[in-house]
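Engineer: In the numbering used here, the protein residues as written are 5 to 395. Each residue gets a CB set at the ideal place from its N, CA and C atoms; glycine is no exception.
1. Any idea what DSSP makes of residue 51, helix, strand or coil?
2. Buried or exposed for residue 90, please, with buried defined as at least 16 other CB atoms from any protein chain shown within 10 angstroms of its CB.
3. Cutting at 6 Å between CB atoms, please list the residues of its own chain near residue 55, excluding the five before and the five after it.
4. So is residue 271 buried or exposed if we call it buried at 16+ other beta carbons inside 10 Å?
5. Can the beta-carbon of residue 75 be found less than 9 Å from the beta-carbon of residue 87?
6. May I ask you to report which of helix, strand or coil DSSP gives residue 111?
7. Helix, strand or coil for residue 232 per DSSP?
8. Sort 164, 214, 207 and 145 by Cα distance to residue 192 and report the nearest one.
9. For the alpha helix (DSSP H) containing residue 311, name the first residue and the last one.
10. So, for residue 311: in the same chain, excluding its five sequence neighbours on each side, which residues have a beta-carbon less than 6 Å away from its beta-carbon?
11. Need the endpoints of the alpha helix (DSSP H) that residue 279 sits in, please.
12. What does DSSP give as the partner residues of residue 292 in its beta bridges?
13. So, are the CB atoms of residue 1 and residue 255 less than 9 Å apart?
14. Can you say whether residue 240 is buried or exposed, counting buried as having 16 or more other CB atoms within 10 angstroms of its CB?
15. Where do the ends of the beta strand (DSSP E) carrying residue 159 lie?
16. Report buried or exposed for residue 119, applying the criterion of at least 16 other Cβ atoms within 10 angstroms of its Cβ.
17. With a Cβ-Cβ cutoff of 9 Å, do residue 262 and residue 35 count as a contact?
18. Give me the Cα-Cα distance between residue 295 and residue 303, rounded to the nearest whole angstrom.
19. Which complete beta strand (DSSP E) runs does the stretch 82–132 hold, if anything under 3 residues is left out?
20. Give me the Cβ distance between residue 219 and residue 206, rounded to the nearest whole Å; I'm assuming they're in contact under 8 Å.
21. Under the rule that 16 or more other beta-carbon atoms within 10 Å means buried, what is residue 281, buried or exposed?
22. Select from 269, 69, 160 and 50 the residue whose C-alpha is nearest the C-alpha of residue 57.
23. Where do the N-terminal and C-terminal ends of the beta strand (DSSP E) with residue 333 fall, by residue?
24. Should residue 151 and residue 66 be called a contact, given that it needs their Cβ atoms to be closer than 9 Å?
25. How many angstroms separate the CA atom of residue 109 from the CA atom of residue 79?
26. Just checking my contact of residue 335 with residue 317 at CB under 8 Å: how many whole Å lie between their CB atoms?
27. Can you give me the Cβ contacts of residue 133 inside the same chain, cut-off strictly under 7 Å, excluding the 5 residues immediately before and after it?
28. Roughly how many whole angstroms lie between the Cα atoms of residue 299 and residue 293?
29. Would you report the Cα separation of residue 323 and residue 301, rounded to the nearest angstrom?
30. If contacts are defined as beta-carbon pairs under 8 Å, then residue 95 and residue 333 qualify, I think. What distance do you get, rounded to the angstrom?
31. Does the Cβ of residue 319 have 16 or more other Cβ atoms within 10 Å, making it buried, or fewer, making it exposed?
32. What number of angstroms, rounded off, separates the C-alpha of residue 224 from the C-alpha of residue 309?
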C-alpha cells in the first residue's frame, strides 16, 4: 500500500526497535557522508599517490600554499592556476571519469604544519623523533605521549577558552605553529627553526600520470621540494585503516563511537532543538540517533545509498554542524500516509451516512401487526358463540 522505499524504511525502523510495520519516528545520522568517502579510497583498483613536500616559509606562507597553490576545497572557487582549479578546468583532458567537486577535488594537502606531521606518521609511517617537525616539538619538552594524544584533535585550552587543536593550528607557518604548541603544552623549551612540511596526495579519482605530472610541475614552479613520494594501494589503505586515521575526527564519530558517548556542545544541542523540534536528549532516548556505520547496518544500505540520502537531507536543509568534523542530519523521515490507504478507508464511513435506508423498511413491515388486532377479537367472539351453542 505504500512505495518500496517506504517499505525499506519500515523494515529499518523495525530493526531499530521502533515497532510497527511502518516507520513511527524520524532518524538522525552522524556523519552519514563518511562511508561513501571511505569507499573511494579502499575500493578495488583504488590508490593514492603521495608526496612529502617542504619549503621555506619566507618564500611561501602556509595560507598561500593552501589557498593559491592547492586551491580552496570547492574547486569552482579555486584560482584558475591553482592545482584544484586546473584539474577542474582540464578534467576531461586528464581523463577523469567525472567532473571534480568538493569531495573529489583532485588533491589533498595538510591544513597545518602539525597536521602535516600527523599525516606523515600515519601514511608514511615516519617515526616522531625522526621527523623534523616532530623533533622540534620534542625539543620544546612536550612529552611524546601528549603529542600522540594531539594527533586525535582534542579540545585544548588557549586564549581563555577551549577549541579544536587542529583548528587553532590551521593555516599558520611552522614557527608560529611551534610557538602555539609551546603555549598550549605550557612548556619552557626553545623553538627550533624548521621548514614548512606538508603531506600531499592525489586522490583516487584523479590518480594518474597526467595529474601527477601537473602537481610536480606546480611544486617546482613554487620552489616546493619533494623529499619522498610513492603509491599506496586501496587494499593497504583498508587493512591499515589509513583513511580512518587520516579522517579520525570524522571517522571516530561516523564509525567508532556511539551517539550517546559523543560530546555534543550546548550550542549544538540548541541548534538540534531549533532545527528538528525536539531535544538532543529526547532523540537519544528514543533511539532515533545513530552513527553512519549503524545506519548502514540497520537499514541494510551500502555506502552510496546512505550518502545519497545524506545529500538529499542536506539539500532540504536538514543538516547541522555540531563542530569540526561533526555533522548530524535528519536522513530518514516518517513517511506521510499513503493515498491508496486513504481511498480504502473512505467507503467505511459511507454506511454511517446511509442510515435513512434502514428506517423505512422495518416500520412498513410492522404496520400489519396493528391490523391483526381486530381480527383476533373477532375470532374470540366467534369462539365464545360456539361455546354458548354447545352449552
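Structural biologist: By the coordinates alone:
1. What you label residue 51 is simply residue 47 of the chain shown in a count that begins at 1. DSSP places residue 51 in strand when its eight states are reduced to three.
2. Reading the chain shown from its first residue, position 86 is the one you call residue 90. It is buried - the Cβ of residue 90 has at least 16 other Cβ atoms within 10 Å.
3. Against the chain shown, residue 55 aligns to sequence position 51. Excluding residues within five positions, the ones whose Cβ falls inside 6 Å are 204, 230 and 233.
4. The residue given as residue 271 occupies position 267 in the chain shown. Residue 271 counts as exposed, since fewer than 16 other C-beta atoms from the protein chains shown sit within 10 angstroms of its C-beta.
5. What you label residue 75 is simply residue 71 of the chain shown in a count that begins at 1. What you label residue 87 is simply residue 83 of the chain shown in a count that begins at 1. In contact: residue 75 and residue 87 (Cβ atoms closer than 9 Å).
6. Within the chain shown, numbered from 1, the residue matching residue 111 stands at position 107. Residue state, collapsed to three classes: strand.
7. Sequence index remark: in the chain shown, residue 232 carries index 228 (1-based). Judged by DSSP in its simplified three-state form, residue 232 adopts strand.
8. Sequence index remark: in the chain shown, residue 192 carries index 188 (1-based). Closest by alpha carbon: 145.
9. For the purposes of this step, residue 311 is taken as residue 307 along the chain shown, with counting starting at 1. Per DSSP, residue 311 is one residue of the alpha helix (DSSP H) stretching across 307–319.
10. Looking up residue 311 in the chain shown gives position 307. In the same chain as residue 311, and ignoring 5 residues on each side of it, the C-beta atoms closer than 6 Å to its own belong to 37 and 40, in chain order.
11. On the chain shown, residue 279 is found 275 positions in, with the first residue counted as 1. Segment 270–280, the alpha helix (DSSP H) holding residue 279.
12. As a position in the chain shown, residue 292 is number 288, starting the count at 1. In the DSSP output, where bridge partners are listed per residue, residue 292 has none listed.
13. Examination of residue 1 is not possible in this model, given that the chain is present from 5 through 395 alone.
14. Numbered from 1 along the chain shown, position 236 holds the residue referred to as residue 240. With fewer than 16 other Cβ atoms within 10 Å, it is exposed.
15. Residue numbering aside, residue 159 sits at position 155 when the chain shown is read from its first letter. From DSSP, the beta strand (DSSP E) with residue 159 extends over 159–162.
16. In the chain shown, the residue the question calls residue 119 occupies position 115. Its Cβ being crowded by 16 or more others within 10 Å, residue 119 is buried.
17. Position 258 of the chain shown, counted from the start, is the residue given in the question as residue 262. Position 31 of the chain shown, counted from the start, is the residue given in the question as residue 35. In this structure, residue 35 does not lie closer than 9 Å to residue 262 by Cβ.
18. By 1-based counting over the chain shown, the position of residue 295 is 291. By 1-based counting over the chain shown, the position of residue 303 is 299. Using only the alpha carbons, I get a separation of about 12 Å.
19. Within the stretch 82–132, the complete beta strand (DSSP E) runs of at least 3 residues are 111–113.
20. Numbered from 1 along the chain shown, position 215 holds the residue referred to as residue 219. Numbered from 1 along the chain shown, position 202 holds the residue referred to as residue 206. Confirmed, Cβ separation roughly 6 Å.
21. Here residue 281 corresponds to residue number 277 of the chain shown, with the count starting at 1. The residue is exposed, with fewer than 16 neighbouring Cβ atoms inside 10 Å.
22. In the chain shown, residue 57 corresponds to position 53, counting from 1. Of the candidates 269, 69, 160 and 50, the one whose C-alpha sits nearest the C-alpha of residue 57 is 69.
23. Start at 1 with the first residue of the chain shown, and residue 333 comes out as number 329. Run containing residue 333: 330–336, per the beta strand (DSSP E) assignment.
24. Reading the chain shown from its first residue, position 147 is the one you call residue 151. Reading the chain shown from its first residue, position 62 is the one you call residue 66. Result no, Cβ atoms of residue 151 and residue 66 do not sit closer than 9 Å.
25. Here residue 109 corresponds to residue number 105 of the chain shown, with the count starting at 1. Here residue 79 corresponds to residue number 75 of the chain shown, with the count starting at 1. Each residue's Cα considered, the two are about 6 Å apart.
26. Taking the first residue of the chain shown as position 1, residue 335 is located at position 331. Taking the first residue of the chain shown as position 1, residue 317 is located at position 313. Correct: roughly 5 Å between the Cβ atoms.
27. Within the chain shown, numbered from 1, the residue matching residue 133 stands at position 129. Here the set comprises 139 and 142.
28. Taking the chain shown and counting its residues from 1, the one referred to as residue 299 is at position 295. Taking the chain shown and counting its residues from 1, the one referred to as residue 293 is at position 289. Each residue's alpha carbon lies about 9 Å from the other.
29. Counting from 1 along the chain shown, the entry for residue 323 is found at position 319. Counting from 1 along the chain shown, the entry for residue 301 is found at position 297. C-alpha separation (whole angstroms): 21 Å.
30. Taking the first residue of the chain shown as 1, we reach residue 95 at position 91. Taking the first residue of the chain shown as 1, we reach residue 333 at position 329. The Cβ separation is near 28 Å, so there is no contact.
31. Counting from 1 along the chain shown, the entry for residue 319 is found at position 315. In the assembly as shown, residue 319 is an exposed residue. Its beta-carbon has fewer than 16 other beta-carbons within 10 Å.
32. Sequence index remark: in the chain shown, residue 224 carries index 220 (1-based). Sequence index remark: in the chain shown, residue 309 carries index 305 (1-based). For residue 224 and residue 309, the distance between alpha carbons rounds to 41 Å.
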